[in-house]
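Data first, discussion second: the structure below is written as structure tokens.
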Amino acid sequence: MAYGTKVLDHYENPRNVGSFDKADPAIGTGMVGAPACGDVMRLQIRVNDQGVIEEARFKTYGCGSAIASSSLLTEWVKGKTLEQAGQIKNTDIAEELALPPVKIHCSVLAEDAIKAAIADYRKKNGKDENVNAA
Amino acid sequence: MVRNYFELFDLPARFDIDPRELAAHHRELMRIWHPDRRYAQATSEERRRAVAMSADLNDGLKVLRDPVARARHLLALRGVSTDEETDTAMDGVFLMEQMVWRERLEEAAGRAEEVTALADEVTASRQLKEARLAAALGRGQAADLQEARVLVRELQFLERFLKELDSALTEVQ
């Protein structure tokens, strides 16, 4: 499959690959997987006292679109509050990367990963808001 | 409505089926429905029906002879969708294991011995999960169906990875 230039750029030069210490209370970790394609994605955020994401790291095993989606997401969430980051939609990612329809699920994976990371951070810090994780 | 392949093949709707019985029923039905056989004189309507039936029979055979596909089909018939395209929430321990396995494949850097050892481990895990899947579907209560759903999703994951391991090994040899 031919990848778009933005996907290729993130695939060849992925941003913010790596990990943080899961046990650190300032870190939220989201792990998700897509059974259909066997992709697995780990997204971590470092959050300051004001609830702003200072840094994000990811590790993704999957196709170019899955790697690009998570790489892009780590750039996007930096400097955002948890609320703002939680509002990022998979369609925003798919649009920015010009993903073809068969690769839309890669952007869904990324959206679910940031939601899971935020939920993990809130749970660890006793800020579970009991919002519907729809 | 989901097409019921067990009914199509006149087999009991359960996970444990006899593969020889499945193959025999498929052969028998294909003798009746194969569009090339006795439809030379038939109307176009009859021919269309034969083409559709034989396509169904071949799809059904593929589904029923593969354990994971058969389990997925059974669950669908009982109203449980496995959502492999859309539901990305999976057990944390399972996902961690997937990460570690993929890291090991990366670190093996094509060394056949290490890739083979990893493939053996994944295959053993698949066998365990398939046995649990058979047991859960055999019991068939609501909670068992949910367990089976999780297992089908995990097995689908493992199958993908085993294919990756397989092509890694082919590259080596």
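From first to last, the protein sequence lines are chains A and B.
Residues 1 to 134, numbered by my numbering, are exactly what the first sequence covers, in order.
Residues 1001 to 1173, numbered by my numbering, are exactly what the second sequence covers, in order.
All residues carry an ideal CB built from backbone N, CA and C; glycine is no exception.
Chain-ordered chain C contacts of residue 100 of chain A [CB-CB under 9 Å]: Note that chain C does not occur in the displayed structure, where the protein chains are A and B.
In whole angstroms, what is the alpha-carbon distance linking residue 1095 of chain B and residue 1050 of chain B? Distance from the CA of residue 1095 of chain B to the CA of residue 1050 of chain B, rounded to the nearest whole angstrom, comes to 45 Å.
Grouping DSSP H, G and I as helix and E and B as strand, with all else coil, what is residue 41 of chain A? Strand.
With distances taken Cα to Cα, identify the nearest neighbour of residue 74 of chain A among A:50, A:98 and A:107. Relative to the Cα of residue 74 of chain A, the nearest Cα in the group A:50, A:98 and A:107 belongs to A:107.
Using Cβ-Cβ distances below 8 Å, what residues of the segment 1089-1115 of chain B are close to chain A? Across the segment 1089-1115 of chain B, CB contacts with chain A closer than 8 Å involve 1089, 1090, 1092, 1094, 1095, 1096, 1098, 1099 and 1102, in sequence order along the chain.
Could you check where the alpha helix (DSSP H) with residue 3 of chain A kicks off and where it finishes? According to the DSSP assignment, residue 3 of chain A belongs to no alpha helix (DSSP H), since it is labelled neither H nor E.
The alpha helix (DSSP H) spanning residue 1060 of chain B covers which residue range? Its alpha helix (DSSP H) spans residues 1044-1065.
Between A:7, A:20 and A:37, which has its C-alpha nearest residue 1088 of chain B's C-alpha? The closest CA to that of residue 1088 of chain B, considering only A:7, A:20 and A:37, is found on A:37.
Under 8 Å between the Cβ atoms of residue 1055 of chain B and residue 1015 of chain B? Using a Cβ distance threshold of 8 Å, residue 1055 of chain B and residue 1015 of chain B do not count as a contacting pair.
Given a cut-off of 8 Å, decide if residue 45 of chain A and residue 28 of chain A are closer than it, judged by their beta-carbon atoms. Taking a C-beta distance under 8 Å as the contact criterion, residue 28 of chain A and residue 45 of chain A qualify as a contact pair.
When the cut-off is 8 Å and only beta carbons count, does residue 42 of chain A lie next to chain B? Residue 42 of chain A counts as touching chain B.
Fully enclosed by the segment 6-34 of chain A, which beta strand (DSSP E) runs are 3 residues long or longer? Entirely contained in the segment 6-34 of chain A, the beta strand (DSSP E) runs reaching 3 residues are, in chain order, 27-34.
Would you please verify whether the beta carbon of residue 1046 of chain B is less than 8 Å from any beta carbon of chain A? Residue 1046 of chain B does not count as touching chain A.
Taking contact to mean 3 or more Cβ pairs, one atom from each stretch, closer than 8 Å, check whether the segment 20-34 of chain A and the segment 46-57 of chain A are in contact. Using a Cβ-Cβ distance cut-off of 8 Å, the segment 20-34 of chain A and the segment 46-57 of chain A are in contact, since at least three pairs of beta carbons, one from each stretch, lie closer than that value.
Measure how close the beta-carbons of residue 1153 of chain B and residue 1085 of chain B come, nearest whole angstrom, since I'm counting them as under 8 Å. About 11 Å separates the beta carbon of residue 1153 of chain B from that of residue 1085 of chain B, a gap too long to meet the 8 Å contact definition.
Cα-Cα separation, residue 1093 of chain B to residue 1151 of chain B: Cα-Cα distance, rounded: 14 Å.
Per DSSP, what kind of secondary structure is residue 127 of chain A in: helix, strand or coil? In this structure, residue 127 of chain A counts as coil in the three-state DSSP scheme.
Check distances from the C-beta atoms of the segment 1141-1158 of chain B to those of chain A and list, in chain order, the residues that come in under 7 Å. Within the segment 1141-1158 of chain B, the residues whose Cβ lies closer than 7 Å to some Cβ of chain A are 1153, 1156 and 1157, listed in chain order.
Residue 1105 of chain B and residue 1165 of chain B - do their beta-carbons sit closer together than 8 Å? Against a cut-off of 8 Å, the Cβ pair of residue 1105 of chain B and residue 1165 of chain B comes out as a contact.
With respect to the alpha helix (DSSP H) encompassing residue 1134 of chain B, which residues constitute its N-terminal and C-terminal limits? Here the alpha helix (DSSP H) through residue 1134 of chain B covers 1112-1139.
Comparing alpha-carbon positions, which option in A:15, A:41 and A:5 lies nearest residue 1103 of chain B? Comparing Cα positions, the closest option is A:41.
Could you work out which residue in A:15, A:121 and A:93 is closest to residue 83 of chain A when comparing CA atoms only? Looking at A:15, A:121 and A:93, the one whose alpha-carbon comes closest to that of residue 83 of chain A is A:121.
Write down the C-beta distance between residue 72 of chain A and residue 99 of chain A rounded to the nearest angstrom, noting that I regard them as a contact closer than 8 Å. Actually they are not in contact, since the Cβ atoms of residue 72 of chain A and residue 99 of chain A sit about 11 Å apart, beyond 8 Å.
Report yes if the C-beta distance between residue 941 of chain B and residue 1115 of chain B is below 8 Å; otherwise report no. No information on residue 941 of chain B is available, as it lies outside the stretch 1001 to 1173 that chain B covers here.
Please decide whether residue 108 of chain A counts as near chain B, where near means a Cβ-Cβ distance under 8 Å. Chain B, which has a Cβ nearer than 8 Å to the Cβ of residue 108 of chain A, makes this yes.
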